[in-house]
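Chemist: Quick one: the structure is below, questions incoming.
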Amino acid sequence: MAIAHKTCLITGCSSGGVGAALAEAFMDKGYHVFATARSTAKVPQRLHDASKVTVLALDVSSSESIVGVAEAIEVQTKSKLDVLINNAGLGLEMPVLDTSVTEARKVFDVNFFGALEMIQVFSPMLIKAEGCIYQATKAALIQAGDVLRLELAPMNVRVLTLVTGGITTNFLANLPTLVLPENSYYHGIKHIIQEKPEKVPFGASPESFAREVLCQVEKGTTGKYWIGGVSGFARLALWLFPEWLLDRFSLGQKQFTKELAEEHKKRVEQDKKRA
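Structure (structure tokens):
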């Protein structure tokens with residue numbers, strides 16, 4: 001039997017994150033939610049037990065996995081999908097000069113190309129339902145979202161790109177400990193780079209974030225929407241202040257720059273002595 005309620009597909013629904021909170025918010029509003037994660041064991045038990053939730057395994061970096069989930073949902077919804085939420089994401093914490101290109105490609109496969117393929121595969125269902133695409137902010141997706149919004153508007157599909165501030169989730173805690181190579185230019189200040197905040201400053205809770213996203217989806221909001229801790233201030237600052245002043249606002253930027261300059265000076269002097 002086909003699902004009669006509005007439907008919502010959410011990627012990245014592991015416990016303690018935004019995806020799980022979004023799934024609960026949309027479920028409580030009456031949507032039938034397709035809650036997905038690479039490992040369904042990481043999806044909260046409440047979602048597993050809910051009658052209006054279907055938990056599915058989905059790896060957004062795998063075309064085969066995406067198509068398999070699309071086929072399963074198509075059968076249950078008569079080829080319609082009201083809301084697609086591209087929430088899944090990977091993090092990579094490493095100075096650019098020391099970043100493994102292989103690892104960086106894995107991040108892009110999930111954060112950008114995975115989201116792009118989700119949109120392409122599910123667009124026929126979204127167009128049929130005149131639905132909405134939501135995507136969490138990754139820099140490349142902001143640009144893609146602007147193009148998608150214009151391309152899909154004539155087919156009555158809305159694209160909502162959230163520019164997010166701080167959200168208190170397990171994301172930072174789950175990042176692996178940063179290990180710099182011995183020849184890294186930043187090795188002398190690794191004590192600064194390896195610091196992890198105990199909590200996100202001014203971070204919104206996943207639940208309040210999810211409620212606001214639901215509200216904007218229900219209202220029909222489209223385009224970029226700034227949401228989460230200090231996002232409003234960030235938007236204003238980007239508009240008002242020059243880049244050099246924004247650099248000074250960066251947390252720890254002054255200490256980082258000073259110590260890095262001192263370490264670089266020492267390295268140059270050592271190289272001169274060895275020459």
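All residue numbers for the sequence shown refer to full-length UniProt numbering, where the first residue is 1 and numbers rise by one. Using N, Cα and C, we set each Cβ at its ideal position, and we do this for glycine too.
Residue range of the alpha helix (DSSP H) that K224 falls in?
Modeler: As a first step, residue 224 must be located in the sequence shown, where it is residue number 224. No alpha helix (DSSP H) contains K224, which is instead part of the beta strand (DSSP E) from G223 to I227.
Chemist: Please name the residue, chosen from R158, S100 and S123, that lies closest to G220 on a Cα-to-Cα basis.
Modeler: The residue labelled residue 220 in the question sits at position 220 within the sequence shown. The residue with the shortest Cα to Cα distance from G220 is R158.
Chemist: Of the residues H264, P206 and V33, which one's Cα is nearest the Cα of T168?
Modeler: The count along the sequence shown starts at 1 and reaches residue 168 at position 168. Closest by alpha carbon: P206.
Chemist: How would you write the range of the alpha helix (DSSP H) that R105 sits in, first residue to last?
Modeler: Along the sequence shown, read from residue 1 onward, the residue named residue 105 stands at position 105. It spans V101 to F108 - the alpha helix (DSSP H) in which R105 sits, taken as one unbroken run.
Chemist: Distance check for P154 and G114, CA to CA, integer angstroms please.
Modeler: Along the sequence shown, read from residue 1 onward, the residue named residue 114 stands at position 114. Along the sequence shown, read from residue 1 onward, the residue named residue 154 stands at position 154. Roughly 24 angstroms between the two C-alpha positions.
Chemist: If you count every other CB in all the chains shown that lies within 10 Å of the CB of V75, and 16 or more means buried, which is it?
Modeler: Along the sequence shown, read from residue 1 onward, the residue named residue 75 stands at position 75. Its Cβ having fewer than 16 others within 10 Å, V75 is exposed.
Chemist: DSSP puts L9 in a beta bridge; with which residues?
Modeler: As a working note, residue 9 is residue 9 in the sequence shown. DSSP output for L9 lists F34 and L84 as bridge partner(s).
Chemist: Between L97 and the rest of its own chain, which residues show a CB-CB distance below 7 angstroms, the 5 nearest in sequence each way excluded?
Modeler: Numbered from its first residue, the sequence shown carries residue 97 at position 97. Result list for L97: Y185, in chain order.
Chemist: To the nearest angstrom, how far is it from the Cα of L160 to the Cα of K224?
Modeler: Translated into positions along the sequence shown, residue 160 becomes position 160. Translated into positions along the sequence shown, residue 224 becomes position 224. The straight-line gap separating the alpha-carbon atoms of L160 and K224 is approximately 6 angstroms.
Chemist: Within its chain, find whatever has a CB closer than 7 angstroms to the CB of A50; leave out the 5 residues flanking it on each side and keep chain order.
Modeler: Here residue 50 refers to the residue found at position 50 of the sequence shown. Correct list, in chain order: M27.
Chemist: Would I73 pass as a contact of M118 if the rule is Cβ separation under 8 angstroms?
Modeler: Looking up residue 73 in the sequence shown gives position 73. Looking up residue 118 in the sequence shown gives position 118. No.
Chemist: Note down the Cα distance separating N183 from I85, rounded to an integer number of angstroms.
Modeler: By one-based count along the sequence shown, residue 183 stands at place 183. By one-based count along the sequence shown, residue 85 stands at place 85. Taking the straight line from one Cα to the other gives about 41 angstroms.
Chemist: Return the chain-ordered list of same chain residues with a C-beta closer than 7 angstroms to the C-beta of Q216, the five sequence neighbours on each side being excluded.
Modeler: Indexing the sequence shown from 1 puts residue 216 at position 216. Excluding sequence neighbours, Q216 sits near L160 and Y225.
Chemist: Where does I3 fall in DSSP's three states?
Modeler: Mapped onto the sequence shown, residue 3 falls at position 3. Under the three-state reduction of DSSP, I3 is assigned to coil, being neither helix nor strand.
Chemist: Relative to the alpha-carbon of L152, which residue among V163, L126, A140 and I142 has its alpha-carbon at the smallest distance?
Modeler: By 1-based counting over the sequence shown, the position of residue 152 is 152. Among V163, L126, A140 and I142, the Cα nearest to that of L152 is on L126.
Chemist: Would DSSP call A50 helix, strand or coil?
Modeler: Here residue 50 corresponds to residue number 50 of the sequence shown, with the count starting at 1. Note: A50 maps to coil in three-state DSSP.
Chemist: Cα separation between I10 and V60?
Modeler: What you label residue 10 is simply residue 10 of the sequence shown in a count that begins at 1. What you label residue 60 is simply residue 60 of the sequence shown in a count that begins at 1. Their backbone Cα atoms lie some 11 angstroms apart in a straight line.
Chemist: Assuming L47 contacts A20 (C-beta within less than 8 angstroms), just tell me the rounded distance between them.
Modeler: Against the sequence shown, residue 47 aligns to sequence position 47. Against the sequence shown, residue 20 aligns to sequence position 20. Between A20 and L47 the Cβ distance is about 7 angstroms, and since that is below 8 angstroms, they are a contact.
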